[in-house]
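Top to bottom, those sequences are chains A and S. Following the UniProt record's numbering from start to finish, the first sequence increments by one per residue and tops out at 165. Following the UniProt record's numbering from start to finish, the second sequence increments by one per residue and tops out at 165. From the three backbone atoms N, C-alpha and C, an ideal C-beta is built for every residue, glycine too.
There are 2 protein chains.
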Amino acid sequence: MSSIFDASLLAPHIPKTLPDNLKIRPLEKNDFSKGYLELLGQLTSVGNVDQEKFENQFEAMRTSVPCYHIVVIEDINTNKVVGSASLVLEMKFIHEAGSRGRVEDVVVNSEMRRQKLGAILLETLVSLGKSLGVYKLSLECVPELLPFYSKFGFQNDCNFMTQRF
Amino acid sequence: MSSIFDASLLAPHIPKTLPDNLKIRPLEKNDFSKGYLELLGQLTSVGNVDQEKFENQFEAMRTSVPCYHIVVIEDINTNKVVGSASLVLEMKFIHEAGSRGRVEDVVVNSEMRRQKLGAILLETLVSLGKSLGVYKLSLECVPELLPFYSKFGFQNDCNFMTQRF
Chain A
1 MSSIFDASLL APHIPKTLPD NLKIRPLEKN DFSKGYLELL GQLTSVGNVD QEKFENQFEA
61 MRTSVPCYHI VVIEDINTNK VVGSASLVLE MKFIHEAGSR GRVEDVVVNS EMRRQKLGAI
121 LLETLVSLGK SLGVYKLSLE CVPELLPFYS KFGFQNDCNF MTQRF
Chain S
1 MSSIFDASLL APHIPKTLPD NLKIRPLEKN DFSKGYLELL GQLTSVGNVD QEKFENQFEA
61 MRTSVPCYHI VVIEDINTNK VVGSASLVLE MKFIHEAGSR GRVEDVVVNS EMRRQKLGAI
121 LLETLVSLGK SLGVYKLSLE CVPELLPFYS KFGFQNDCNF MTQRF
């Protein structure tokens, strides 16, 4: 299977406001050649991930339970991935052995800004997360984007800590 | 295999300060009968999770890649689980297809407080996370515990948002 998760899971959650030249779908294995990693490079450091490493990680994510719900927007005129966001689920014993969801790695190509693609990705993932039954969704972002994410039901929560290695 | 992850992975990270009557180890399937869910109930709502549901979730977590590193402290005098904390890894494409780690569901039996069991769990998980090569660790906690977690290298980060369903 070339999709990282079942496309039929995604279909009911795609907003109708997507421009005609764009397609929203699960990440596919051949997105390596459609600029997916270059797009992620606009978000943070990707480093040296060659096609083999990409495909190995893709397979590990695809076969993970629960799988990684990585959604991309492709520009069908250029065959390039121009936006992406991920919904990652964590299994729990708490909350009736429920699932916790996280929105991760939201990025829109800098040349495609002001077309509300970020909003489309967020609407899609929040709706998908609800349908998958997560009891909680969270995300991290730069301070400037706190107002943007609040439009999709998120509230700022300062009881969070990080460390980097 | 009765452990949720390989106990030999954990051994190098266990602090030597653990009292003699206590044992720190990966969660095991028969911890259902050693009070694991009752302990989690001191943290938050667990709800109706019977033995079958527990064992199904345990197997899903154990066979997940990367697996769920759920660590427990057992009191060998009473055969009860008296503390637990989890290190959950998320696979990424960013950071050289690296891993992000999260410390989740830290709880110590209210009758066992002031024995530094929380500190032992945190030292263990931070050390384990580093050894597994995570580029970042994070956690959420109640405001009163921010100073406690700062002892283990965590810094408060307010660029975090949540929503509940």
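- The criterion of a C-beta distance shorter than 8 Å is not satisfied by V134 of chain S and R113 of chain S.
- DSSP, read as helix, strand or coil, puts V81 of chain A in strand.
- The beta carbon of Q163 of chain S sits closer than 8 Å to some beta carbon of chain A.
- With a threshold of 8 Å between beta carbons, T17 of chain S makes no contact with chain A.
- Identification of residues in the stretch 130-151 of chain A having a C-beta nearer than 9 Å to some C-beta of chain S yields K130, G133, V134, Y135, K136, L137, S138, L139, E140, C141, V142, P143, L145, L146, Y149, S150, given in sequence order.
- Listed in chain order, the positions of the stretch 48-76 of chain A with a beta carbon within less than 9 Å of a beta carbon of chain S are N48, V49, K53, F54, N56, Q57, F58, A60, M61, T63, S64, V65, P66, Y68, I70.
- Excluding its 5 nearest sequence neighbours in each direction, P66 of chain A has C-beta neighbours in its own chain below 6 Å: L89, listed in chain order.
- Taking 8 Å as the CB threshold, D31 of chain A stays off the interface with chain S.
- Around N21 of chain S, the same chain offers D75, I76, N77 as residues with beta carbons nearer than 8 Å, after the five sequence neighbours per side are excluded.
- Counting only runs of 4+ residues, the alpha helix (DSSP H) found wholly inside the UniProt domain "N-acetyltransferase" (22-165) of chain S occupies 36-40, 51-63, 94-97, 117-131, 146-150, in chain order.
- One Cα belongs to L39 of chain A, the other to S110 of chain S, and the distance between them is close to 48 Å.
- F148 of chain A sits close to G118 of chain A, with the two beta carbons spaced by under 8 Å.
- Straight through space, the alpha carbons of N48 of chain S and F154 of chain A are spaced by roughly 28 Å.
- Apart from sequence neighbours up to five positions away, the residues of its chain that approach S2 of chain A with a beta-carbon distance below 6 Å are E28, K29, ordered along the chain.
- One finds nothing in chain S with a Cβ atom closer than 9 Å to the Cβ of S8 of chain A; even the nearest lies about 22 Å away.
- In this model, C158 of chain S and Y36 of chain S are separated by some 32 Å (Cα to Cα).
- Contact with chain S is found for Q155 of chain A, since one of that chain's Cβ atoms lies less than 8 Å from the residue's Cβ.
- Nearest C-alpha to F93 of chain A among S:V126, S:L122, S:G41, S:V108: S:G41.
- Taking all protein chains in view, the Cβ of P19 of chain S is surrounded by fewer than 16 other Cβ atoms within 10 Å, so the residue is classified as exposed.
- DSSP links S3 of chain A through a beta bridge to A:E28.
- Shown here for L139 of chain A: same chain residues with a beta carbon closer than 7 Å to its own, the five before and five after excluded, namely R102, V103, Y149, F154 in chain order.
- Between P26 of chain S and L43 of chain S, the C-beta spacing is not below 8 Å.
- Counting of Cβ neighbours within 10 angstroms places F32 of chain A among the buried residues, the total reaching 16 or more.
- Just so you know, the alpha carbons of F58 of chain S and Q115 of chain A end up roughly 43 Å apart.
- Contact of A119 of chain S with chain A is not assigned, every C-beta pair being separated by 8 Å or more.
- Note on geometry: alpha-carbon atoms of T17 of chain A and T124 of chain A lie some 11 Å from one another.
- Residue A:K130 holds the alpha-carbon nearest to the alpha-carbon of Q163 of chain S among A:K130, A:Q163, A:P143.
- Listed in chain order, the non-local C-beta contacts of H69 of chain A below 6 Å within the same chain comprise F5, L87, local neighbours out to five positions each way being set aside.
- Just so you know, the alpha carbons of V107 of chain A and G98 of chain S end up roughly 18 Å apart.
- Our two residues, V72 of chain A and L128 of chain A, have alpha carbons roughly 14 Å apart in a direct line.
- In this structure, the alpha-carbon of M61 of chain A lies about 10 Å from that of S64 of chain S.
- If you draw a straight line from the Cα of V46 of chain S to the Cα of H95 of chain A, it is about 5 Å long.
- L122 of chain A is a Cβ neighbour of F152 of chain A, given a cutoff of 8 Å.
- With fewer than 16 neighbouring CB atoms inside 10 Å of its own CB, D50 of chain A falls in the exposed class.
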